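**Student:** Chains as they are written, first to last, in the UniProt record's numbering: chain L, 1 to 111; chain Z, 1 to 171; chain H, 1 to 194; chain S, 1 to 331.
Idealized CB from N, CA, C, for every residue including glycine.
Note that the structure is a prediction, hence the values are computed from the model and not measured.
(1) Buried or exposed, going by whether 16 or more other CB atoms sit within 10 Å of the CB of residue 84 (chain H)?
(2) Could you pull the start and end residues of the beta strand (DSSP E) that residue 177 (chain S) belongs to?
(3) For the pair the region 85–98 of chain S and the region 29–36 of chain Z, tell me if three or more CB-CB distances fall below 8 Å.
(4) Between residue 129 (chain Z) and chain B, is the shortest Cβ-Cβ distance under 7 Å, so that the two count as touching?
(5) For the region 24–105 of chain S, which segments carrying the alpha helix (DSSP H) assignment without a break, of at least 4 residues, lie completely within its bounds, in sequence order?
(6) With distances taken Cα to Cα, identify the nearest neighbour of residue 249 (chain S) among S:192, S:114, S:31, S:302.
(7) Who does residue 42 (chain L) pair with in a DSSP beta bridge?
(8) Please confirm if the region 48–62 of chain H is in contact with the region 53–60 of chain S, defined as three or more CB-CB distances below 8 Å between the two stretches.
(9) Which complete alpha helix (DSSP H) runs does the region 101–169 of chain S hold, if anything under 4 residues is left out?
(10) Listed in chain order, which residues of the UniProt domain "4Fe-4S ferredoxin-type" (99–128) of chain H have Cβ atoms closer than 8 Å to some Cβ of chain S?
(11) By Cβ distance below 6 Å, which residues in the same chain neighbour residue 83 (chain Z) in space, the five residues on each side in sequence not counted?
(12) My output table needs one value for residue 52 (chain H): the three-state DSSP class, helix, strand or coil.
(13) Please confirm if residue 18 (chain L) has its CB atom under 7 Å from at least one CB of chain Z.
(14) Residue 146 (chain S) and residue 207 (chain S) look like a contact to me (Cβ under 8 Å); what is the Cβ gap, rounded to whole Å?
(15) Residue 331 (chain S) by DSSP, collapsed to three states: which one?
(16) Grab the span of the beta strand (DSSP E) containing residue 125 (chain H) for me, first residue to last.
(17) Count the other C-beta atoms from every protein chain shown that fall within 10 angstroms of the C-beta of residue 53 (chain L), then say buried if there are 16 or more, exposed otherwise.
(18) Since residue 104 (chain H) sits in a beta bridge, which residues does DSSP pair it with?
(19) Locate the alpha helix (DSSP H) running through residue 73 (chain H), then write down its first and last residues.
(20) Just to confirm before moving on: does the CB-CB distance between residue 64 (chain H) and residue 100 (chain H) stay below 7 Å?
(21) Within 10 angstroms of its Cβ, does residue 181 (chain S) collect 16 or more other Cβ (buried), or is it exposed?
(22) Check whether the Cβ atoms of residue 260 (chain S) and residue 286 (chain S) sit closer than 7 Å, and answer yes or no.
(23) Across the region 94–101 of chain S and the region 122–132 of chain S, are there enough close Cβ pairs to call them in contact, namely three or more that are closer than 8 Å?
(24) Pick from L:56, L:51, L:68, L:49: whose alpha carbon is nearest that of residue 136 (chain Z)?
(25) Distance check for residue 93 (chain L) and residue 107 (chain L), CA to CA, integer angstroms please.
(26) How would you list, in chain order, the residues of chain Z whose beta-carbon sits under 8 Å from the beta-carbon of residue 108 (chain L)?
(27) Measuring alpha carbon to alpha carbon, tell me which residue in H:8, H:103, H:77 is nearest residue 123 (chain H).
(28) Using a 10 Å radius around the Cβ and a threshold of 16 neighbouring Cβ atoms, would you call residue 137 (chain S) buried or exposed?
(29) Under a CB-based cut-off of 7 Å, is residue 206 (chain S) close to chain Z?
(30) On the premise that residue 160 (chain S) lies in contact with residue 190 (chain S), defined as a C-beta separation below 8 Å, what is that separation, rounded to the nearest angstrom?
(31) Ordered along the chain, which non-local residues of its own chain (more than five positions away) have a Cβ less than 8 Å from that of residue 75 (chain S)?
(32) Return yes when the Cβ of residue 64 (chain S) is within less than 7 Å of the Cβ of residue 73 (chain S), no when it is not.
(33) For residue 155 (chain H), which beta-bridge partners are listed by DSSP?
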């Protein structure tokens with residue numbers, strides 16, 4: 001057992017990066033599900049996007065995907081930037097209207 | 001263990017550890033700064049994966065842009081100006097269950113799949129090739145992304161001007 | 001648009017004007033002095049520390065009386081006849097031992113009113129302004145050069161002379177009285193005779 | 001081991017430069033105000049004054065406010081300095097020395113310097129002090145805003161140079177062929193680059209928060225901005241990072257517009273050592289101009305600062321970028 005695991009640990013390859021991304025994904029999921037603060041949820045979403053990016057770039061290095069994976073990661077980053085700008089504008093609006101940033105207290109459809 | 005392995009383990013511990021601090025921290029500003037360390041660690045992982053341009057973009061956009069936006073959001077919603085702020089958590093049990101199940105499933109799937117791997121290409125740079133790709137195969141997504149960013153900026157500005165309009169009406 | 005361009009032009013022009021001014025000042029020699037090593041000359045008649053040429057003092061106490069804050073304290077003892085104290089540099093004869101001549105510089109307000117009355121020009125303000133002290137008592141300057149023994153000796157002598165004088169005076173007065181009494185008695189005699 | 005020595009060379013340079021620059025700042029300010037400045041420590045014109053000050057700072061007590069967030073408060077100065085030191089790795093100090101000649105040099109530099117903003121907010125928020133927080137938020141707003149014209153003017157240089165590697169950009173500016181006598185510096189190669197340089201210079205003054213854009217630490221209104229609660233060597237590291245940042249941006253300007261280590265006299269007085277001297281002279285000239293400006297101009301208001309950036313610099317830099325691209329296509 002030890003003989004098998006040690007060389008596997010010594011040379012980080014595709015699976016190592018995938019495991020890191022899986023951990024980040026579940027942590028992001030945890031943040032999205034368990035926190036009430038909108039901004040905290042947004043941070044969880046950023047973490048999930050990043051874990052997806054790690055996957056894409058790891059694939060672009062170790063498989064025949066080549067640079068395409070990096071390209072898609074680049075677009076993910078662009079979209080994340082746009083998302084953050086709009087989401088935070090919405091959060092500020094929400095705060096000025098409801099005076100709270102807790103998601104479960106914002107339950108009326110009419111402003 | 002060679003240098004790459006050491007760097008990989010060091011920065012994956014930093015990344016995952018900082019992400020864990022971010023999720024479980026009581027103080028939301030601590031969460032935001034933990035996210036900063038996590039994102040910087042991810043940038044180092046990108047460098048290990050021979051994606052230097054993406055790594056720099058990650059720093060510039062995530063750390064220099066999005067994180068500052070998030071911090072501004074925190075400070076402007078008056079949640080974070082005091083140290084005493086306590087974060088509230090809900091649904092702790094189902095969330096942790098779901099996260100654990102996701103982790104186990106994903107790791108199992110990753111470990112058991114036989115990946116179609118090729119020998120890693122030794123690239124000295126990616127910028128040139130990325131630029132060629134961006135201007136040839138990916139020209140349409142590139143333009144659409146530009147338009148999307150423009151719309152996002154206009155939308156964000158419009159919303160924040162409406163915000164001040166609402167405040168003025170109230171006064 | 002034109003307005004904006006004009007504004008920008010004014011901005012640049014004024015910035016460069018200001019930078020020119022500061023550059024000129026950068027190159028011109030500084031106006032400050034490195035104080036303990038270099039210092040300005042004091043103007044003539046600057047008021048600062050008081051100094052007394054005790055050899056020239058005749059003990060007239062004019063300065064003591066002129067001082068509005070009473071920072072000068074002088075005590076004098078008249079010299080006995082057998083000693084000649086000499087003359088001052090201005091030619092006035094000295095007649096008093098100066099037993100104390102204290103100036104309390106912590107009281108002094110630098111009004112310069114003690115200097116003009118001095119007949120022998122022995123008190124003056126010297127261009128010295130660094131005499132700060134840790135102890136306030138060190139600001140009491142004593143100019144009298146007589147030692148304590150000398151002072152007691154002089155005092156005793158003066159007292160003796162005074163006594164002598166008084167005794168003489170008394171004697172003289174008695175003599176006079178006696179004479180007078182003599183005269184009156186003689187006159188009475190004459191009257192009675194006459 | 002050799003790598004370690006190689007990597008610490010810029011650190012020695014930065015520390016030496018910071019000691020010199022702080023002394024120079026005091027001398028320049030003194031002479032502009034017709035004073036003499038520090039004269040006593042170390043003999044000639046008080047050259048050892050900053051060394052003495054540094055020794056004093058090291059000995060001082062390191063005070064951490066009771067209600068501060070300890071970890072963030074302690075680490076903020078080091079993150080700040082690490083960010084600005086990391087950026088030095090792509091600066092070509094001479095034709096023989098560059099920390100890392102990577103192909104995305106300028107981009108990496110801009111990315112790493114964006115960490116500066118975050119570490120300033122970190123220190124500001126962790127101090128739990130209203131002056132610090134106000135100063136930190138001002139810094140963040142200012143640096144994020146002025147990053148846009150900086151990046152636009154850098155981009156317009158890259159259009160002319162055609163490379164992101166700072167070493168390549170420096171190499172292409174050697175020699176003097178323009179009009180027979182002018183050196184091949186990029187600023188002489190395209191007339192619109194002069195406008196780009198003016199925008200770049202204004203933005204780097206704002207990014208390294210110097211007067212007239214020193215709102216983050218404006219002494220008269222915010223005590224000392226984000227560094228209010230800092231003392232001792234932590235404050236010293238903030239100071240060091242500020243001066244390092246100033247030098248970094250000045251050197252970047254020297255590479256992008258004034259030829260980096262290229263000698264102004266063609267091949268005369270060139271070579272690795274002379275290259276280093278020319279490079280430092282060019283960088284220090286900008287640093288000197290910043291000091292000179294500090295004692296000339298009054299401070300802007302916050303709204304004026306933002307207005308200059310968003311209504312003048314950014315539109316002008318965009319238009320200028322297009323004009324430079326057109327000029328490059330036609331000539």
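**Tutor:** Checking against the coordinates, here is how it stands:
(1) exposed
(2) Residue 177 (chain S) -> no beta strand (DSSP E), and no H or E assigned at all.
(3) In short, these stretches do not touch, since the Cβ pair count stays below three.
(4) Structure shown: chain B not included; protein chains present are L, Z, H and S.
(5) 49–59, 70–87
(6) S:114 is the residue among S:192, S:114, S:31, S:302 whose C-alpha sits nearest the C-alpha of residue 249 (chain S).
(7) Bridge partners of residue 42 (chain L): none, in fact.
(8) With a cut-off of 8 Å, the region 53–60 of chain S and the region 48–62 of chain H do not count as touching, because too few Cβ pairs lie within range.
(9) 105–126, 130–161
(10) none
(11) Legend: pLDDT at residue 83 (chain Z) = 48, less than 50; position of this residue unreliable, no value from coordinates given.
(12) strand
(13) yes
(14) 5 Å
(15) Secondary structure of residue 331 (chain S) (DSSP, three-state): coil.
(16) Its beta strand (DSSP E) spans residues 123–126.
(17) buried
(18) H:140
(19) Per DSSP, residue 73 (chain H) belongs to no alpha helix (DSSP H); it is in the beta strand (DSSP E), 72–78.
(20) no
(21) The Cβ neighbour count for residue 181 (chain S), taken over all protein chains shown within 10 Å, is under 16; the residue is labelled exposed.
(22) no
(23) In short, these stretches do not touch, since the Cβ pair count stays below three.
(24) The shortest Cα separation from residue 136 (chain Z) among L:56, L:51, L:68, L:49 belongs to L:68.
(25) 15 Å
(26) Chain Z residues near residue 108 (chain L): none, gap ~16 Å exceeds 8 Å.
(27) H:103
(28) Only buried fits residue 137 (chain S), as 16 or more other CB atoms lie within 10 angstroms of its CB.
(29) So no, residue 206 (chain S) is outside the interface.
(30) 5 Å
(31) 122
(32) yes
(33) Partner residues in a beta bridge of residue 155 (chain H), as assigned by DSSP, do not exist.
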